[in-house]
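Novice:
2 protein chains.
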Amino acid sequence: MFDKDITMREVAKMAGVSIATVSKYLDGIKVKDINKERIEKSIETLGYRRNEIARGLKTRKSYTIGVLVPSFKHVFFMEIISSLEDYLQARGYSAIICSYKESPEEEDKKLSFIANKMVDGIIVASTGKNNDKIEKISRQIPTVLIDRLPEGMELDSVSIDNFKAGYEAAKILIEKGHTNIGLISAAEVADTLRKRHEGFIQALKDNNIKINEKKIGYSNLNFSEAMTASQKILSEKDRPTALVVANYDMTIGAIMAINKLGLQIPEDISIVGFDNLELSKIIKPELTIIEQPVKVIGETAGRLILERAKKDPRTEIKHEVIQFNIHNGFSVKQLK
Amino acid sequence: MFDKDITMREVAKMAGVSIATVSKYLDGIKVKDINKERIEKSIETLGYRRNEIARGLKTRKSYTIGVLVPSFKHVFFMEIISSLEDYLQARGYSAIICSYKESPEEEDKKLSFIANKMVDGIIVASTGKNNDKIEKISRQIPTVLIDRLPEGMELDSVSIDNFKAGYEAAKILIEKGHTNIGLISAAEVADTLRKRHEGFIQALKDNNIKINEKKIGYSNLNFSEAMTASQKILSEKDRPTALVVANYDMTIGAIMAINKLGLQIPEDISIVGFDNLELSKIIKPELTIIEQPVKVIGETAGRLILERAKKDPRTEIKHEVIQFNIHNGFSVKQLK
DNA sequence: TTGAAAGCGCTAACAT
DNA sequence: ATGTTAGCGCTTTCAA
């Protein structure tokens, strides 16, 4: 069967020193040159690897941050994770990444999984359906909320101003003369999307554009439902001249629907999407999008979690609001 | 500061039983009803969470699989991880996901990190530059290779036949009458890409098409270098009529280059890409691609790792070769 | 059914 | 500079 793990005890025995000396050597504390050599040789020949689990049990430190995201399929979160990992790594921390697949029950389980793994901190983009649990855990383990911000949770957080993002998305279209504007949203799924939705509505109101519920499509964040919802809206006889699509994956779905119906962007339908600058550039025509600075978001989350680890969980709560960018492509037609 | 963790000892004390009884209760072993009640109540009021780390130290089981991928930015790996996580979860296992950002040094570190975390298994898409380390670890921890298969590593593995994939990609173009075909590759970076490259070359040879090194662009897997490489090739005076692009991210780069040069697909340039069926459908025109069945790959990796955990590391090595699909879009022009 | 006690691999006083 | 030892939170015999 598999080789059994080598322990420090065996290394110590082979090197002819005590287990404490090996531990000290591993910690970079000075040991006699001869011992150093013998320990190094023993470690090499035995193939010893320090058991970080046992170590952490004693030190109460794992140098590991648990990260929980809604899905591995959202490019947005993957980019955040990528920059977050960079940030942590540079400071001697690693990350263990989990996803809850947009399921609140699964989120609950994964929160336990991570918390019980003795991580030094938790970063979570929550459904908002497990606030009690997160609240409880956050009293024992430093916790930072990211992107999705459940109501009334007094914890460090990083996000953009989603209301404003929704507002600005609509405004881009309104300023180009559009008044018949549809929205593809998923307000039920995440507060992020709900706020964008609210911002969108507010922009219409502020410009005296009447809200037509029929022009608002609901999906579950993924591209296929967004495609169905878009197809429905775009097939109405009073078809909107423009669409705001409230996240990246749904933007993909909306474009699929547009293609399927044989419509042209922006001639037949203008579109303002969200996220993924790279891709917005290869889609023809280049998309006008609200771009969240994923790199900054990831780094900020990393900074907050390491800072929080040094402080009382109930003091100086920081809500970092990151500025989004507007990327102007060619997917919006000037009307009038 | 943060609340201190509640231990089993405290639960036992509050419930007026021994720590062993609490442990048994937690394991679902029968305890007296009255004790059961009191333990449950204590756990609830104290907010006790079992320390899985300490538990694992004793049981030598973590029900956790470590997964190491080259990057969080490759959609391909994220989809594999997603299906892998589903598979494991259904069987009581969790996954901790790490990335090494395409850096062999980082791969080495992350391998240690994961191995030292007492995971029950490791799934890795390796650079191929740390074979000794993987070899060593695999003798102590069940290990499965995925996608990228370093030469001569006798370990369980899952992948497609990349040589054949490269061959077929070229063949699609050849059969439509193309003889002036370019390739955007990254043969240095991963054996996967090298094999696709070799398959591509073989297809040209088998059809008596001369290989022009000038028509082979090298990048580092990401879209921006692929864009530069594509631009160069497409700016030569004897411009190829078609391009094979050996992975998804580079396909994005190639399309960016094509757009930038003002060329039309497929009128001016035909293209066969790799991966990401969803996206190939929203790009206009719909792309012809070689599609790797990510779901199957993830599940197969999950199955292999759980099987391997029960067996000797040196017996019955399985190399699972998954069939790829060819998705015909409209990005290839029929010549002549 | 329950509890006492040894020990998983490691660290950190403390003593030498 | 090194070794002895208690103990991190938990499981698991073994005896009661």
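So the protein lines, in turn, are chains A and B. Under my numbering, think of the first position of the first sequence as 1, with each following residue one higher. Under my numbering, think of the first position of the second sequence as 1001, with each following residue one higher. Where is the CB? At the ideal position from N, CA and C, for every residue including glycine. All values reported here derive from a predicted model rather than from experimental measurement.
1. Does the distance from the CB of A/I146 to the CB of A/I122 come in under 8 Å?
2. If we define contact as Cβ-Cβ less than 8 Å, is A/R49 a contact residue for chain B?
3. For B/L1261, which residues of its own chain have a beta-carbon under 6 Å away from its beta-carbon, when the five flanking residues on both sides are left out?
4. According to DSSP, which residues form a beta bridge with A/Y218?
5. Whether or not the segment 212 to 227 of chain A and the segment 236 to 251 of chain A are in contact is what I'm after, with contact meaning three or more pairs of Cβ atoms, one per stretch, closer than 8 Å; do they touch?
6. So which residues on chain B does A/I184 lean against when the C-beta distance must stay under 8 Å?
7. Please go through the segment 1045 to 1095 of chain B and give each complete alpha helix (DSSP H) segment of 4 or more residues, from N-terminal end onward.
8. Taking 8 Å as the CB-CB limit, is B/L1149 close to chain A?
9. Taking only runs of the alpha helix (DSSP H) that begin and end inside the segment 1108 to 1165 of chain B, which ones reach a length of at least 4 residues, in chain order?
10. Is it buried or exposed for B/T1143, if we count other Cβ within 10 angstroms and need 16 for buried?
11. Closest to A/K287 by CA distance: which of A/E188, A/D5, A/I252 is it?
12. Below 7 Å between beta carbons is the criterion; list the residues of the segment 1146 to 1176 of chain B that meet it against any residue of chain A, in chain order.
13. From B/L1304 to B/L1277, what does the alpha carbon distance come to, in whole angstroms?
14. Residues bridged to A/V244 by DSSP?
15. Taking 7 Å as the limit between beta carbons, can you name the residues of its chain near A/K318, skipping five residues before and five after?
16. Going along chain B, which residues have a C-beta under 7 Å from A/M1?
17. Between the segment 38 to 56 of chain A and the segment 13 to 29 of chain A, can you find at least three pairs of beta-carbon atoms closer than 8 Å?
18. Is DSSP giving A/N208 helix, strand or coil here?
19. Does the Cβ of A/P104 have 16 or more other Cβ atoms within 10 Å, making it buried, or fewer, making it exposed?
20. Contact between the segment 127 to 143 of chain A and the segment 73 to 84 of chain A: three or more CB pairs below 8 Å?
21. Is A/S103 helix, strand or coil when you go by DSSP?
22. Between which two residues does the beta strand (DSSP E) containing B/E1286 stretch?
23. Measure the Cβ-Cβ separation of B/L1088 and B/I1065 and say whether it is below 8 Å.
24. Cutting at 7 Å between CB atoms, please list the residues of its own chain near A/Y25, excluding the five before and the five after it.
25. With a threshold of 8 Å, are at least 3 pairs of Cβ atoms found where one atom belongs to the segment 1256 to 1274 of chain B and the other to the segment 1051 to 1060 of chain B?
26. Please classify B/N1325: does DSSP put it in a helix, a strand, or coil?
27. Against chain A, does B/D1005 count as a neighbour if the rule is that its beta carbon must be under 8 Å from one of theirs?
28. Name the residue from B/A1190, B/M1118, B/P1070 whose alpha carbon lies nearest to the alpha carbon of A/I6.
29. Could you tell me which of B/I1034, B/S1126, B/K1333 sits nearest to B/T1179, measuring between CA atoms?
30. Against chain B, does A/E85 count as a neighbour if the rule is that its beta carbon must be under 8 Å from one of theirs?
31. Determine, for A/A20, whether the minimum Cβ-Cβ distance to residues of chain B falls below 8 Å.
32. Should A/S23 be flagged as near chain B, meaning a C-beta pair shorter than 8 Å?
33. Thinking C-beta only, is A/A186 closer than 8 Å to A/L193?
34. Which residues in chain B have a C-beta closer than 9 Å to the C-beta of A/S126? List them in chain order.
35. Taking C-alpha atoms, which residue in A/D3, A/E44, A/A226, A/D27 lies nearest to A/A15?
Specialist: The answer reads as follows:
1. Residue numbering aside, residue 146 of chain A sits at position 146 when the first sequence is read from its first letter. Residue numbering aside, residue 122 of chain A sits at position 122 when the first sequence is read from its first letter. Against a cut-off of 8 Å, the Cβ pair of A/I122 and A/I146 comes out as no contact.
2. Working through the first sequence from its first residue, we reach residue 49 of chain A at position 49. Closer than 8 Å to some Cβ of chain B, the Cβ of A/R49 qualifies, so yes.
3. Counted from its first residue, the second sequence places residue 1261 of chain B at position 261. Closer than 6 Å at the Cβ level, and outside the excluded window around B/L1261, lie L1234.
4. Taking the first sequence and counting its residues from 1, the one referred to as residue 218 of chain A is at position 218. In the DSSP output, where bridge partners are listed per residue, A/Y218 has A/S185.
5. With a cut-off of 8 Å, the segment 212 to 227 of chain A and the segment 236 to 251 of chain A count as touching, because enough Cβ pairs lie within range.
6. Looking up residue 184 of chain A in the first sequence gives position 184. Close to A/I184, with beta-carbon spacing below 8 Å, lies no residue of chain B; the smallest spacing is near 14 Å.
7. 1052 to 1059, 1075 to 1089
8. Residue numbering aside, residue 1149 of chain B sits at position 149 when the second sequence is read from its first letter. Answer no: the Cβ-Cβ gap between B/L1149 and chain A never drops below 8 Å.
9. 1131 to 1138
10. By one-based count along the second sequence, residue 1143 of chain B stands at place 143. By the neighbour-count rule (16 or more Cβ atoms within 10 Å), B/T1143 is buried.
11. In the first sequence, residue 287 of chain A corresponds to position 287, counting from 1. According to the sequence as given, residue 287 of chain A is Leu; it is not Lys. That would be A/I252, whose Cα lies nearest to the Cα of A/L287.
12. none
13. Here the question's residue 1304 of chain B lines up with position 304 in the second sequence. Here the question's residue 1277 of chain B lines up with position 277 in the second sequence. Spanning the alpha carbons of B/L1304 and B/L1277 requires a straight line of approximately 26 Å.
14. Taking the first residue of the first sequence as 1, we reach residue 244 of chain A at position 244. For A/V244, the beta-bridge partners assigned by DSSP are A/L183, A/V272.
15. To locate residue 318 of chain A, count along the first sequence from 1; it is residue 318. The answer, listed in chain order, is D156, L304.
16. For this step, residue 1 of chain A is matched to residue 1 along the first sequence. Ordered by position in chain B, the residues that pass the 7 Å Cβ test against A/M1 are D1312.
17. yes
18. Residue 208 of chain A sits at position 208 when you count from the first residue of the first sequence. Residue state for A/N208 is assigned as coil, using DSSP reduced to three classes.
19. The residue you call residue 104 of chain A lines up with position 104 of the first sequence. It is exposed - the Cβ of A/P104 has fewer than 16 other Cβ atoms within 10 Å.
20. The segment 127 to 143 of chain A, when compared against the segment 73 to 84 of chain A, does not touch it at the 8 Å Cβ threshold.
21. As a position in the first sequence, residue 103 of chain A is number 103, starting the count at 1. Of the three classes helix, strand and coil, the one that applies to A/S103 here is coil, per DSSP.
22. Locating residue 1286 of chain B in the second sequence gives position 286, counting from the first residue. It is not in any beta strand (DSSP E) - B/E1286 carries neither H nor E in the DSSP assignment.
23. The count along the second sequence starts at 1 and reaches residue 1088 of chain B at position 88. The count along the second sequence starts at 1 and reaches residue 1065 of chain B at position 65. The answer is yes: Cβ separation under 8 Å.
24. Numbered from its first residue, the first sequence carries residue 25 of chain A at position 25. Here the set comprises V31, K36, I39.
25. no
26. Taking the second sequence and counting its residues from 1, the one referred to as residue 1325 of chain B is at position 325. Three-state result, B/N1325: strand.
27. Stepping through the second sequence from its first residue, residue 1005 of chain B is reached at position 5. It does; some Cβ of chain A falls within 8 Å.
28. As a first step, residue 6 of chain A is located in the first sequence; it is residue number 6 there, counting from the start. A/I6 has its Cα closest to that of B/M1118, out of B/A1190, B/M1118, B/P1070.
29. Residue 1179 of chain B sits at position 179 when you count from the first residue of the second sequence. Looking at the Cα atoms, B/K1333 is the closest of the given residues.
30. On the first sequence, residue 85 of chain A is found 85 positions in, with the first residue counted as 1. Yes, A/E85 counts as interfacial toward chain B.
31. For the purposes of this step, residue 20 of chain A is taken as the residue at position 20 of the first sequence. Chain B contact via Cβ: absent.
32. Translated into positions along the first sequence, residue 23 of chain A becomes position 23. False, the Cβ-Cβ gap to chain B never drops below 8 Å.
33. By 1-based counting over the first sequence, the position of residue 193 of chain A is 193. By 1-based counting over the first sequence, the position of residue 186 of chain A is 186. The answer is yes: Cβ separation under 8 Å.
34. Numbered from 1 along the first sequence, position 126 holds the residue referred to as residue 126 of chain A. Correct list: empty, because the minimum Cβ distance to chain B is about 18 Å.
35. Taking the first sequence and counting its residues from 1, the one referred to as residue 15 of chain A is at position 15. Cα-wise, what sits closest to A/A15 is A/E44.
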